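Everything below concerns the one structure shown next.
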Amino acid sequence: MKALKILLILLLLGGASAATVMYSGIVNVAADEPHSDIVYWLLEETREASIKKSAQHIKVPDLESPELLLMGGADYEYMCSSCHLKPGLEESDMSIGLYPQPPNLGISHETHQHGTDEELARQNFWVIKHGIKASGMPAWGKTHSDERIWAMVAFIKRLPTLTPEQYQVLTAID
Amino acid sequence: MRKFITTIIALIISISAVAHDDRDHSNKDKKAIVDVIKSIKYGWENGDGLPFRRNFLDFEGARYIEGGGQNAGLDSLVEHHVEPEKDALEYLKLSFSEIEVHFEGEDKSFAWAIADTRIKGKVNKSGKTFDKKGFQTFLFRKINGNWKVVHTHSSSRDNK
Amino acid sequence: MRKDRNKMKKNSIILTTVSLMFLTMSNVVTAHTSEGNNANKRDELPVLTSSAGKVVMQFHQAIQANDKSKARGFLADNVIIYEGGRVERSADDYANHHMLADMKYLAQLEVEILEHEVREVGQTAFSMSRTKLTGEFKGKEVNSEGMESMVLLKKDGKWKIAHIHWSH
């Protein structure tokens, strides 16, 4: 009984503290002021673990077909390049202004995910389809079929290998 | 008035000269290409690789297609196809007709030629004769003033 | 008793070590296998990233997808096509006749590109490719190689196919 009372008091105190923090406005939500290192690390690790778990059972199709590269290229240019950049473009208003900063998919070292090609493909598919809460990454699955999303995954896989001229040819909509 | 008429006549003459010159240039090039095709005919009929070595541009990635097969590179074409036919065939008669030549590019340094073909021959080993008709495509590039073959594609079927 | 316990401890260490070894090896084999599956796949990127090559690929895709107007759009009006002992001397001639048969045929088959090279020389380009066709058509098994040569010309910024020679 005593233990129950203590637990209730602790819960009430916890709730009150949370409400105080929430409604006082002391939490800084400005995108131009980064989190502390520890908070950033906590959020990153939580996000990566969540994506990895959610994507683990996704079956990856053949990503080498030229049809996928053509379809994915056009969509990437229209839907993704303003945030995730492209060969020859090092920054954009969106890439500078968003926090966390969207990874530059045009250069390979920026794809910070670890794993085999298949794991990366699975996770990229999940992220494109479902988006990421409070990050600026939309859930494209609401408006695009799985086939189109796989096409973007296929294109992203080849993107770091493209020169600006090759990118232009591949993504041009005729 | 006289000056004006003289100017107009001079203009007409110079335009005609340029046009004529252009046609001459085109006729010369067409003749050069047809001559190359004639030498290729000679090469095939006599199992002689020299016309090929003289008139084909040797480069990595060169392909010479015949029906469902190909020779990759000039050496393969000459050593594994053209020259062996000298011993393999009793005779080979090849004719190119209805030759069309198209010049492309700003400087007209690329050309493609197409022709109807007729091929007759007799195989030594089996004694079988063949009589086929078909088509040929040649692609040319002008290198240092000479037309060089960069690709060929032939296809044929029994003449019925 | 002590001897037995020591023996058991030794056995369990050996068992654990061997199990870990097999676990590691199987992961390595799986990783290599999944890499190996794609090892023989042709890389189409060099063709796709040349503007003339992209047109050739899109033409092929349009034929396979039964998209007549899209395929016709890639042909020069006065295209000359050699195929199956026949010649067609305009895009409309091909589009209204043999193209339909080609589309019907290819729709039933698996097409694998074995070799494809495209060279651009200013406003002209030529493409050479070799494909493998497998499957069944009208109850008959198909397993053949096809050869294709093309000439493309660039006019008003767009590549158009001016000549095709198909054979097998």
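Residue numbers (this note's numbering), protein chains in the order written: chain A, 1 to 174; chain B, 1001 to 1160; chain C, 2001 to 2168. We put the CB at the ideal spot given by N, CA and C, even for glycine. Remember, it's a predicted structure, so these values are computed and weren't measured experimentally.
- Distance between Ser2050 of chain C and Gly25 of chain A, taken at the CA atoms: about 55 angstroms.
- Residues of chain C with a Cβ closer than 8 angstroms to the Cβ of Glu67 of chain A are, in chain order, Gln2061.
- Closest in C-alpha terms to Ser1126 of chain B, from the list B:Gly1068, B:Gln1136, B:Glu1090, B:Asn1027, comes B:Glu1090.
- Per DSSP, the continuous beta strand (DSSP E) segment holding Ala2076 of chain C begins and ends at 2075-2083.
- Looking at the backbone, the Cα of Ile1033 of chain B and that of Gln2123 of chain C are separated by about 20 angstroms.
- Scanning chain C for C-beta atoms nearer than 8 angstroms to the C-beta of Leu1139 of chain B yields Phe2126, Ser2149, Val2151, reported in chain order.
- Taken through DSSP and simplified to helix, strand or coil, Tyr1064 of chain B comes out as strand.
- Counting along the chain, the unbroken beta strand (DSSP E) around Phe1140 of chain B starts and ends at 1129-1143.
- The beta carbon of Arg1063 of chain B falls within 8 angstroms of a beta carbon belonging to chain C, placing the residue at that interface.
- Tyr76 of chain A is bridged by DSSP to nothing; it lacks a bridge partner.
- Distance check between His1102 of chain B and each of B:Thr1137, B:Asp1087, B:Ile1009, B:Gly1073 places B:Thr1137 closest, using alpha-carbon atoms only.
- Within the region 2-70 of chain A, not a single complete beta strand (DSSP E) segment reaches 3 residues in length.
- In the same chain as Asn2006 of chain C, and ignoring 5 residues on each side of it, no C-beta atom comes closer than 6 angstroms to its own.
- Within the same chain, and ignoring the five residues on either side of His84 of chain A in sequence, the residues whose Cβ sits closer than 7 angstroms to its Cβ are Pro102, Pro103, Asn104, Leu105.
- Annotation: Cβ neighbours of Gly2085 of chain C in chain B (cutoff 9 angstroms, chain order): Lys1133, Gly1134, Phe1135, Ser1155, Ser1156, Arg1157.
- Within chain C, Thr2049 have C-beta atoms less than 7 angstroms from the C-beta of Gln166 of chain A, given in sequence order.
- Chain-ordered, the chain A residues with CB closer than 9 angstroms to the CB of Leu2045 of chain C read Pro66, Leu69, Arg158, Thr161, Leu162, Gln166, Leu170.
- Below 8 angstroms, enough C-beta pairs join the region 2050-2060 of chain C and the region 162-174 of chain A to call them touching: three or more.
- CA-CA distance, Gly2146 of chain C to Ser2127 of chain C, rounds to 14 angstroms.
- As DSSP reads the structure, Val1123 of chain B sits in a beta bridge with B:Leu1089.
- The same chain holds no residue with a CB closer than 8 angstroms to that of Ala49 of chain A once the five nearest residues on each side in sequence are set aside.
- At least one CB atom of chain B sits nearer than 8 angstroms to the CB of Ser2167 of chain C.
- The contact set of His2098 of chain C on chain B, defined by CB atoms closer than 8 angstroms, is empty, because the minimum CB distance reaches about 15 angstroms.
- The C-alpha of Gly2084 of chain C lies about 45 angstroms from the C-alpha of Thr143 of chain A.
- Bridge pairing for Gly2135 of chain C: C:Leu2109, C:Val2142 [DSSP].
- Of the candidates B:Phe1052, B:Glu1066, B:Gly1067, B:Glu1104, B:Phe1052 places its Cα closest to the Cα of Val1149 of chain B.
- Each of A:Pro66, A:Lys59, A:Met79 was checked against the Cα of Ala2062 of chain C, and the nearest Cα belongs to A:Pro66.
- At a beta-carbon threshold of 7 angstroms, the residues of chain B lying near Ile2080 of chain C are Ile1114, ordered along the chain.
- Chain-order list of chain C residues neighbouring Gly1105 of chain B: Val2121, Gly2122, Gln2123, Thr2124, by C-beta distance under 8 angstroms.
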